[in-house]
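A quick write-up on the structure given underneath.
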Amino acid sequence: MDVVNGYRCRDNTDREYAKQGIDPASPQKTANKEKTEKDMEVVARANADTIRLTTEAQEARKAARQRAQSESDAAVHAAKQAAQRMSHAVDISA
Numbered sequence: 001m002d003v004v005n006g007y008r009c010r011d012n013t014d015r016e017y018a019k020q021g022i023d024p025a026s027p028q029k030t031a032n033k034e035k036t037e038k039d040m041e042v043v044a045r046a047n048a049d050t051i052r053l054t055t056e057a058q059e060a061r062k063a064a065r066q067r068a069q070s071e072s073d074a075a076v077h078a079a080k081q082a083a084q085r086m087s088h089a090v091d092i093s094a
């Protein structure tokens, strides 16, 4: 019996696991833990991407609403000016 990377090894298989940083006493448990950690990283990145995209979409909708509102305000202002010009034209001819 010898020690590789801090793990007690009984045979060559144990030594191979130990060289990879896997506990030879419970290689499946260690491998599953590493897989779970990687899965959690993937999920965390996906969540971060979703949040970023959602935030970008909200900002784009807000900007579109602001543009539409300013265009609407400009159209109302133009209509009021046109109405005033027409009322002045009617007053002049009367």
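Residue numbers (UniProt numbering): 1 to 94. All C-beta atoms in this analysis are idealised placements derived from N, C-alpha and C, irrespective of residue type, glycine included.
Along the chain, where does the alpha helix (DSSP H) containing residue i start, and where does it finish?
i     : result
Arg15 : 12-19
Assuming residue i is part of the beta strand (DSSP E), what are its boundary residues?
i     : result
Asp23 : Counting along the chain, Asp23 falls outside any beta strand (DSSP E), and DSSP gives it neither H nor E.
Across which residues does DSSP place residue i in a beta bridge pair?
i    : result
Asp2 : Cys9
In terms of alpha-carbon separation, which member of the options lies closest to residue i?
i     : options                    : result
Asn5  : Asp49, Ala25, Gly21, Ser26 : Gly21
Ser26 : Lys62, His88, Arg8         : Arg8
If I'm right that residue i touches residue j with Cβ under 8 Å, what's the distance once you round it to whole angstroms?
i    : j     : result
Met1 : Arg15 : About 11 Å separates the two Cβ atoms, so there is no contact after all.
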